[in-house]
Amino acid sequence: MVEAFAVASGKGGTGKTTSTLALGMALAADHDVTVVDADTGMANLLFHAGLDDAPTTLHDLLIEGKEVSVDDAVYERFGMKVVPCGTELAAFRAADPERLRDVVAELAADTDVLLLDSPAALGSKSAVLPVVLADRTVIVLQPTIPALSDGLKVQEYARSYGTETAGTLFNRVRDEAGIERVAERAERYFGGETLGVIPESDAARAARTAGEPLLAHAPDTPASRAFREAAKRLDVRDGASGSGDVADRFRSAVVPEEV
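Numbering-wise (numbering that gives the first Met the number 0), the sequence shown opens with residue 0 and increments by one.
Listed below in structure tokens is the structure:
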């Protein structure tokens, strides 16, 4: 079985990468999890996972003619398999986003859960493809009405390609008493439930500096506990059972010609 989730937001600064790794670590208690930094233009997952010196990254897999295998870009970290992306502008320009389909297809054949850390904006083919490839999206929001609007744009685009919403995750919440009004509105507009409300945490910033996911760096903080509860609410569904069926599903995904 495999299910692919795009972790998306619609804007930067929501803590999307922190959320991706936190959900990944929490889900890894019961599933084989692979996390992919699919934000090929503004990658930063490698810093969160202590992989800033990784010799092979997703960029290498997306550049035609590079003699590397998918396994070369997969690193065992914190109970998960992690595929980081590089940060060099030249590599981003040389990468062919359509090759992501084959990379995801190969990864999907050997995992239970794929988490695609997706770009914040939907301005290019490389930005929208992770959402198109996913079965469902987890939409990370800050607790504001403008953030709901940005998230709704992501949901609308995803649904136009058959990608449903698994739920919303409110992150970096400072006013837990005032979140109810925003969360109630979100549940009216978004598919799925509110997966969790994650409080603002100094530990999240410290974890990034340390090159560790939040759940590894500070497992007993309120934010870490909230992420684990959110992962419990994320119902992982059975996907195609045969590895050939799984690969075909991703390789046959429609690549948007226009954004």
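Yeah, the Cβ is synthetic: ideal placement off N, Cα and C, and Gly gets one too.
Just so it is clear, the structure is predicted and the values come from calculations on it, not from any experiment.
According to DSSP, what are the bridge partners of residue i?
i: Asp95; result: Answer is none; Asp95 lacks a bridge partner.
i: Met79; result: Arg76
i: Phe226; result: Paired residues: none, contrary to the question.
i: Arg135; result: Phe4, Glu163
i: Val263; result: Residue coverage of the chain in this structure runs from 0 to 258, which leaves residue 263 outside it and unanswerable.
i: Leu140; result: Phe169
Here's the rule: buried if 16 or more other CB atoms are within 10 angstroms of the residue's CB, otherwise exposed. What is residue i?
i: Lys15; result: buried
i: Gly161; result: exposed
i: Arg184; result: exposed
i: Thr143; result: exposed
i: Leu88; result: exposed
i: Tyr188; result: exposed
So, for residue i: in the same chain, excluding its five sequence neighbours on each side, which residues have a beta-carbon less than 7 Å away from its beta-carbon?
i: Phe249; result: Arg100, Val103, Ala104, Ala107, Leu132
i: Ser117; result: Ala5, Val6, Ala7, Ala37, Asp38, Pro129, Val130
i: Ala209; result: His216
Below 8 Å CB to CB, which residues in the same chain sit around residue i once its five sequence neighbours on both sides are set aside?
i: Asp111; result: Met0, Val1, Glu2, His30, Asp31, Val32, Val235
Hey, could you find the ends of the alpha helix (DSSP H) residue i is sitting in?
i: Gly150; result: 144-159
i: Lys10; result: Note, Lys10: premise wrong, no alpha helix (DSSP H); not H, not E.
i: Pro259; result: Lying outside 0 to 258, the shown extent of the chain, residue 259 is not represented and no answer is given.
i: Arg193; result: One detail in the question is off: residue 193 reads as Thr in this sequence, not Arg. From DSSP, Thr193 is part of no alpha helix (DSSP H) but of the beta strand (DSSP E) over 192-198.
i: Met24; result: 15-26
i: Glu186; result: 178-188
Residues in the same chain with beta-carbon distance under 6 Å from residue i, minus the five sequence neighbours each way, listed in chain order, please.
i: Gly243; result: A caution first: Gly243 carries a pLDDT of 49, below 50, which makes its placement in the model unreliable, though a value can still be read off. Correct list: empty, nothing qualifies.
i: Ala27; result: Gly78, Met79
i: Ala42; result: Asp36, Cys84, Thr86
i: Val196; result: Phe169, Val172, Ile178
i: Leu22; result: Ala230
Flag this pair as yes or no: are the beta carbons of residue i and residue j separated by less than 8 Å?
i: Ala48; j: Arg92; result: no
i: Ala165; j: Val137; result: yes
i: Tyr74; j: Val81; result: yes
Hey, quick one: how far does the beta strand (DSSP E) through residue i stretch, first residue to last?
i: Val34; result: 32-36
i: Ala165; result: 163-172
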